[in-house]
Every structure is written in structure tokens, then in C-alpha cells.
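Since the structure comes first, as C-alpha cells, the remarks are kept for the end.
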Amino acid sequence: MAFKGRPETSDLRGSPSVNIAKKLFTQGYKLRLHDFTAYETELKNLEVGEVYKNLSDACEGAAALLVLNNHRGYEDFELPKDLPGDFTILDVWQVCKKIQAENFHYCTIGNLLISEAIA
């Protein structure tokens, strides 16, 4: 959710992730928010979804994971084992090294149209 992950920042100002979350929320999507460095109170103040301290917990029961900044925490992140086979990951920074090798629908901006990823 923060503006960027490298260098690490908690700053939400001008963040494309925040704009995307607001747009999805207004279209009726139920969002689960997580950020490795942003302050929980600031994420809650966005009022666009439930805030999770743990990324694995945020994925539980979700249909997709949108990775919208390049924080190093995503490199070694492992998805929970009990996610459905049609779980989709959109990793716009191609930072999720471990997830790329798993059997989920993994896509990036560079290898797939976004419309195909969320269809």
C-alpha cells in the first residue's frame, strides 16, 4: 500500500496502491489490506477494507493477491498451503520469487494483460 518498497517507506501519499484500493472498494470489492511498513492506523483510516498485520492471514479466504509495490518482504513470502487452485497473484513488480514457482495463476504486467488476470 505504501508508495514504494525500495527504499522502504511507510508513506501512503500519492501511492498508486491506495488509488487502486479506493477504486476497487467503490466498485464493491471486499479488500484485505496489508503493508510491511505502513502504519496500521493509516491503513484503517483509508476505510477501504480490513487491515491485516500478517500477509498470510490476509490471503486466507481471498480470491487474489495484488502485489503493488516492490518491498523485499514479498521476495520470500510463501502463500498459505490451503488456498484454492484458482487463486490469482498479480505481481506488478515481479518481486515474488517463491510464489512464481507455485501452482497458482501468477501474472505480471509484462507477461499478461491485466484484464486476463482478473477475468
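The sequence shown begins at 302 in the numbering used here and counts up by one.
Every residue gets a Cβ at the ideal spot worked out from N, C-alpha and C, and that includes glycine.
query                                                                                                                             : result
Go to Val-349, then tell me how far its beta strand (DSSP E) extends in each direction, as first and last residue.                : From DSSP, Val-349 is part of no beta strand (DSSP E); its letter is neither H nor E.
Per DSSP, which one or two residues make a beta bridge with Cys-408?                                                              : Leu-391
So, with DSSP's three-state summary, where would you put Leu-334?                                                                 : strand
Whole angstroms are fine: how far does the CA of Ala-303 sit from the CA of Thr-342?                                              : 13 Å
Report the CB separation of Gly-306 from His-372 in whole angstroms; it is logged as a contact under 8 Å.                         : 3 Å
Give the secondary structure of Val-368 by DSSP, where H, G and I count as helix, E and B as strand, and everything else as coil. : strand
Since Lys-324 is in the alpha helix (DSSP H), which residue starts that stretch and which ends it?                                : 317-327
So what does DSSP say about Lys-382, is it helix, strand or coil?                                                                 : coil
Following the continuous alpha helix (DSSP H) through Leu-359, name the residue where it begins and the one where it ends.        : The displayed chain sequence assigns Ala, not Leu, to residue 359. That run of the alpha helix (DSSP H) goes 356-360.
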